[in-house]
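Heads up: the structure comes next, in structure tokens.
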DNA sequence: GCAAAAGTGTTACGAGTACACCCATGT
DNA sequence: ACATGGGTGTACTCGTAACACTTTTGC
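Residue numbers (full-length UniProt numbering), protein chains in the order written: chain A, 1 to 239; chain B, 1 to 239.
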């Protein structure tokens, strides 16, 4: 099928968005997967996603999917475009272009709202990435790109706070880095770097003992969009 | 128009690729623009691009456009995806999704082959970016994103060599950085950093006097995909 | 008191900056 | 000889890594 458009021909294609929704739960980086109820790849795990509607913006479509799968409708959830996948045979149903988005959400009190729990669940990202055949379509590649983006951005942006609740302690923030990077970080140097980086975290003024030990100050995220200096992934283990 | 696809409806859309083709000429970062011969935006400047064909991969489509506009058909030309733009009203002809690619090419001996010179030309990127109304569609935004990507990647990848001919001197490489970043760099510290960074440049063994003064060693690009340590954009002016 | 986690001080090291200085060519 | 750019040596500074040490809670 070819469509004429003022002297120019083009092949119409399906346009979808797929979501890499990440969170940190129980000290590990986890991704939200759904089990497909219909062909193709029926019964296999896949990233949440769906077709973009007429007159709907790409990011709006991604945000709609996110709300449908997690119940998180807030504009404050971090959502960013990662890449677009358009290999001709990637979807056996026909030509479908997929725009992948990365969403970072805090550990949700209610596991997954707005959808039936049987078909959606959190799975450790490392476990999924270890098996290239686990996911439907080219979703292994999409997940891999999304996770790598998240890892890279933690270095030079204050993005880690997107995984945290409104108020958090420095060691909770450190737990995010340790889960995403898969390595331990010296708590003392981390504390100093993070609190000194301009606009990264701002103290709330209250403390909590929920992590045990001496009470820790609570912080909320600052206004900074980039980190100076960056947190290097080589920030080694210690103490 | 809605298409049924195994119980799922989707709106078919046009899918295009647009190219941000950058080079460094006469000490400035320049972008290849074409003057549109047909509506919409007839007579306005725009990024080269076109619809993706049936059974054609996104990157293949971008590479085809690149070859058509520049005559550069080599697989060795650096080409990477930047972002996808899909605002519903971005193209007045109808719903068109555009996948933007960034291409970095050396300063071509023949200006622009494979196309009529009247309609395509190199324009300093800074000049275009200074006027948000210069380009058709949302191409100002696309160009802006592409240039920012190039600037950022010079820091942590050996990408600058993509702007160079097969063999180049360190000061020619430095000229790339100065043009893209718009700042001067200390030639002595730059020389040391670049030649010491593992896999960035490898000496050919011959020298040239084409830059004047003492003969300079010639290098070609190395195998490294990332730079350790990175070249900071704060690499200050000097001497 | 003891364990546990928060938070501070200090030292050693390595990378970045600035710049003095020498080298090899063209004119 | 002199100008021009290539290339090396080196001192200073600053961010990081490592880790000893003090603080404040729960049990």
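Backbone N, C-alpha and C fix where the C-beta goes; we use that ideal spot for every residue, glycine too.
Given the structure is predicted, the values throughout are model-derived calculations rather than measurements.
query                                                                                                                                                          : result
Report the residue from 43(B), 49(B), 212(B) and 200(B) whose alpha carbon sits nearest the alpha carbon of residue 164(B).                                    : 200(B)
If you check the beta carbons only, do residue 143(A) and residue 31(A) fall under 8 Å apart?                                                                  : yes
Against chain A, does residue 97(B) count as a neighbour if the rule is that its beta carbon must be under 8 Å from one of theirs?                             : yes
When the cut-off is 8 Å and only beta carbons count, does residue 43(A) lie next to chain B?                                                                   : no
Taking the beta strand (DSSP E) that residue 61(A) falls in, what are its first and last residues?                                                             : Where residue 61(A) is concerned, there is no enclosing beta strand (DSSP E), although the alpha helix (DSSP H) it sits in stretches over 58-70.
Would you decide whether residue 228(A) is buried or exposed? Buried here means 16 or more other CB atoms lie within 10 Å of its CB.                           : exposed
Of the residues that make up the segment 10-25 of chain A, which ones have a beta carbon closer than 8 Å to any beta carbon in chain B?                        : 10, 11, 12, 13, 14, 15 and 16
If we call anything under 8 Å between Cβ atoms a contact, is residue 286(B) one with residue 125(B)?                                                           : The structure shown does not extend to residue 286(B), since chain B is modelled only from 1 through 239, so no value can be given for it.
When the distance is taken between beta carbons, is residue 46(B) closer than 8 Å to residue 103(B)?                                                           : no
Report back the beta-carbon spacing between residue 73(B) and residue 67(B) to the nearest angstrom; my notes put them in contact at under 8 Å.                : 4 Å
Taking only the alpha-carbon atoms, compute the straight-line gap between residue 79(B) and residue 59(B) and give it to the nearest angstrom.                 : 8 Å
In terms of residues, what are the limits of the alpha helix (DSSP H) holding residue 140(A)?                                                                  : 139-156
Can you find a C-beta in chain A that's less than 8 Å from the C-beta of residue 75(B)?                                                                        : no
Hey, quick one: how far does the alpha helix (DSSP H) through residue 177(A) stretch, first residue to last?                                                   : 170-181
With 8 Å as the threshold, decide whether the Cβ of residue 30(B) is near any Cβ in chain A.                                                                   : no
What do you get for residue 12(B), buried or exposed, if any count of 16 or more other CB atoms within 10 angstroms of its CB means buried?                    : buried
If you draw a straight line from the alpha carbon of residue 176(B) to that of residue 98(A), how long is it in whole angstroms?                               : 35 Å
From residue 19(A) to residue 88(A), what distance separates their C-alpha atoms?                                                                              : 20 Å
For a test of the three-state rule: what should DSSP assign to residue 238(B), helix, strand or coil?                                                          : Because residue 238(B) sits at a pLDDT of 44, beneath the cut-off of 50, its placement in the model cannot be relied upon, and the following sentence gives the value as read from the coordinates. Three-state DSSP puts residue 238(B) in coil, outside helix and strand.
Does DSSP put residue 80(B) in a helix, a strand or coil?                                                                                                      : strand
Using only CA atoms, which one of 108(B), 95(B), 10(B) and 105(B) lies nearest to residue 93(A)?                                                               : 10(B)
How big is the Cα-Cα spacing for residue 119(B) and residue 216(B)?                                                                                            : 38 Å
How long is the line joining the alpha carbons of residue 69(B) and residue 155(B), rounded to whole angstroms?                                                : 28 Å
Give the secondary structure of residue 32(A) by DSSP, where H, G and I count as helix, E and B as strand, and everything else as coil.                        : strand
So the beta strand (DSSP E) residue 222(A) belongs to, where does it begin and stop?                                                                           : Premise fails: residue 222(A) is in no beta strand (DSSP E) and is neither H nor E.
Over what stretch of residues does the alpha helix (DSSP H) that includes residue 88(A) continue unbroken?                                                     : No alpha helix (DSSP H) holds residue 88(A); DSSP gives it neither H nor E.
For chain A, check one thing: does any of its Cβ atoms lie closer than 8 Å to the Cβ of residue 138(B)?                                                        : no
When we look at the beta-carbon of residue 65(B) and count the other beta-carbons within 10 Å, is it buried (16 or more) or exposed?                           : buried
Under 8 Å, do residue 167(B) and residue 220(B) count as touching if we go by C-beta distance?                                                                 : yes
Grab me the residues of residue 225(A)'s own chain with a C-beta within less than 8 Å of its C-beta, minus the 5 sequence neighbours each way, in chain order. : 157 and 158
Ignore the nearest five residues each way along the sequence and tell me which others in residue 86(B)'s own chain have a CB closer than 7 Å to its CB.        : 97
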